[in-house]
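Taking numbering that gives the first Met the number 0, the leading residue of the sequence shown gets 0, the next gets one more, and so forth.
Backbone N, C-alpha and C define an ideal beta-carbon position, used for all residues, glycine too.
Computed from a predicted model, the values in this text were never measured in an experiment.
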Amino acid sequence: MDLVTPAFGLFVWMLVSFGTVFFILAKFGWPVILKAMKAREKSIEEALEAAQVARDEMSKLKSDNQKILDEAKLERSKIIQEGKELKEKIILEAKEIASREANDIIQQSHQQIENEKNAAIGEIRKQVAELSVAIAEKLLRQKMSDNKQQQDYIDALIREMKIN
C-alpha cells in the first residue's frame with residue numbers, strides 16, 4: 000500500500016509543482032492557446048460563411064445561366080420562325096411576281112397576235128379590194144368596148160353617188 004499512497008511531503012511538493020505549472024500555464028500558456036483556438040474558430044466560421052456565400056452565388060449563377068439558356072432557346076426559336084415566315088413571304092412574292100409577269104407576257108402575246116391578225120385581215124381586204132377592182136376593170140373593159148356604153152355607165156355611177 001505504500002506504493003499507492005504517496006508520502007505527505009511528496010504530496011505537498013507535487014501540489015506546489017502542479018500549482019506553479021498551473022499558474023504559469025494559466026498566466027502565459029492558456030491565453031495564447033485560447034486566443035489561437037478562438038482565431039481558428041473564427042477562421043473556420045468565416046470559411047464556412049464564405050463557402051455558404053459561394054454556394055449561394057453558385058446557385059444564383061446556375062439559375063441565371065439556366066435563365067439565359069432558356070432565353071437563348073426562345074430567341075433561337077423566334078429567329079427560326081421569323082426566318083421561315085420570311086422565306087414563305089419571299090416565295091409567295093416571287094410566285095406572285097412570276098404570275099403577274101406571265102400574265103403580262105400572255106396579254107402582250109394576245110395583243111400582238113390580235114394586232115398581227117388585224118394587220119393580216121387589213122392586208123387581205125386591201126388585196127381583195129385591189130383584185131376586185133382589177134377584175135371589175137377587166138370585166139368593164141371587155142363589156143364596154145365602145146365609148147357610148149362607157150359614158151352611160153359613168154353617168155349612172157355619178158347619179159348613184161349623188162343620191163347616196
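With Val15 as the anchor, note down where its alpha helix (DSSP H) starts and where it stops.
Phe7 to Ile23
When the Cα atoms are used, what is the spatial distance from Arg124 to Leu130?
10 Å
Coarse secondary structure for Val132, derived from DSSP in three states:
helix
Which residue spans inside the segment 80-128 form an unbroken beta strand (DSSP E) run of at least 3?
none
Classify Val31 as helix, strand or coil using the three-state DSSP reduction.
helix
I need the DSSP call for Val167, collapsed to helix, strand or coil.
Here the chain covers residues 0 to 163 and nothing more, so residue 167 does not appear.
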